[in-house]
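Colleague:
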Amino acid sequence: MKTEAQSPRAKRGSAARERAPGARDPVRVPRSNDARALTIALPRGRILDEALPLFKRAGFDLGAAEKARAGRRLIIAVPEHGLRILIVRDTDVPAYVEHGAADLGIAGRDVLEEQDRDLYEPLDLGIGRCRMVVAEPEDRPVDENAQMHLRYATKFSEITRRHLQSRGTVAEIIKLYGSIEIAPLVGLADRIVDLVSSGETLRQHRLREVETIMNVSARLCVGRAAAKLHAERIDELVGRLREAVRVSSAA
Ligand code: PRP
Numbered sequence: 001m002k003t004e005a006q007s008p009r010a011k012r013g014s015a016a017r018e019r020a021p022g023a024r025d026p027v028r029v030p031r032s033n034d035a036r037a038l039t040i041a042l043p044r045g046r047i048l049d050e051a052l053p054l055f056k057r058a059g060f061d062l063g064a065a066e067k068a069r070a071g072r073r074l075i076i077a078v079p080e081h082g083l084r085i086l087i088v089r090d091t092d093v094p095a096y097v098e099h100g101a102a103d104l105g106i107a108g109r110d111v112l113e114e115q116d117r118d119l120y121e122p123l124d125l126g127i128g129r130c131r132m133v134v135a136e137p138e139d140r141p142v143d144e145n146a147q148m149h150l151r152y153a154t155k156f157s158e159i160t161r162r163h164l165q166s167r168g169t170v171a172e173i174i175k176l177y178g179s180i181e182i183a184p185l186v187g188l189a190d191r192i193v194d195l196v197s198s199g200e201t202l203r204q205h206r207l208r209e210v211e212t213i214m215n216v217s218a219r220l221c222v223g224r225a226a227a228k229l230h231a232e233r234i235d236e237l238v239g240r241l242r243e244a245v246r247v248s249s250a251a
């Protein structure tokens, strides 16, 4: 359900009261120099859901961020903790951090390894766990020695390329952006490289795992400039999150 995040102005001003019902307050873009706020890029979805309790355990209650997110706000100031949150697509987190638009971010190992950007990765948060696997139709297993022109469909074309290269396998890689599991069922590919969590999507499409390429979980990533400019605050944040991860994994 969408709930409207109220801005301070909406609470105060008569102008806000005169606005048509349902009209939104314009987004007030919290500046990064608001009390030298550290800017964190967080990916929407499951990782964000798991990251918020972890931040809370680390002493950063981002309840305001959760409320604002429900109101569709994508830039959220959390002045009580000196933070500014950007809600972005998971695949966009590394770009925000590398270019310094965010000081740090959270991204899956899958995203980080696929993009291979120039970032520090000081902490594995142990959330958003899944595996990246090669899979193929149960009833049409690939014979790597006999089949000449193999096609792999995937969102992770770079990781797949490196994996195939390390195996000495020559194959065509077909880059897709979602619903990878249907590619082998409709003749687009022989195999897929994709993420598996519960395994239900593979089962539903009668695909079987051939091998695991990597275990995936979400990591904290830090930009090189930010690591120098805000070393003390980032060290403190990383330290508190590290302790929260330790406590969570012991629980
Ligand atoms: C991910 C992944 C698999 C599915 C695996 O898809 O790409 O399709 O989840 O989960 P499971 O093992 O629990 O079934 P996502 O929901 O991100 O959709 P998309 O890749 O099609 O965009």
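Here the sequence shown stands for residues 1 to 251, numbered as in this note's numbering. From the three backbone atoms N, C-alpha and C, an ideal C-beta is built for every residue, glycine too.
Does chain B have any CB closer than 8 Å to the CB of Leu62?
Modeller: In the structure shown, chain B cannot be found, because there is only a single protein chain.
Colleague: For Glu239, count neighbouring Cβ atoms within 10 angstroms of its own Cβ and tell me buried if that reaches 16, exposed if not.
Modeller: Looking at the sequence itself, residue 239 is Gly, so the reference to Glu does not match. Exposed, by the Cβ-count rule.
Colleague: Below 8 Å on the Cβ atoms is my contact criterion, and I expect Val193 with Met132 to pass it. Report the Cβ-Cβ distance as a whole number of Å.
Modeller: Indeed they touch by this definition, with Cβ atoms about 7 Å apart.
Colleague: Does the distance from the C-beta atom of Arg242 to that of Leu123 stay below 8 Å?
Modeller: For Arg242 and Leu123, yes; Cβs fall inside 8 Å.
Colleague: Kindly indicate the opening and closing residues of the alpha helix (DSSP H) around Arg246.
Modeller: Taken as a continuous stretch (DSSP letters only), the alpha helix (DSSP H) holding Arg246 covers Ala231 to Ala250.
Colleague: Could you compute how far the alpha carbon of Val170 sits from the alpha carbon of Asn145?
Modeller: One C-alpha to the other measures close to 11 Å.
Colleague: Would you tell me roughly how many angstroms separate the C-alpha atoms of Ile180 and Arg140, rounded to the nearest one?
Modeller: In a straight line, the C-alpha of Ile180 is about 17 Å away from that of Arg140.
Colleague: Tell me which same chain residues have a C-beta within less than 6 Å of the C-beta of His81, skipping the five on either side of it?
Modeller: Cβ within range, chain order: Phe60.
Colleague: Beta-carbon separation of Tyr96 and Ala41 under 8 Å?
Modeller: A contact, by the Cβ cut-off of 8 Å.
Colleague: I'd like the list of long-range same chain contacts for Phe156, defined as Cβ closer than 6 Å, with 5 residues on each side in sequence excluded.
Modeller: If we look at Phe156 and ignore the five residues flanking it on each side, its Cβ neighbours are Glu114 and Val193.
Colleague: Quick check: the region 228 to 236 against the region 151 to 168, are at least 3 beta-carbon pairs closer than 8 Å?
Modeller: Contact fails: fewer than three Cβ-Cβ distances are below 8 Å.
Colleague: Looking only at its chain, what residues have a beta carbon closer than 8 Å to the beta carbon of Ala227, apart from the 5 residues adjacent to it on each side?
Modeller: Cβ neighbours of Ala227 beyond the five flanking positions: Tyr120 and Ile234.
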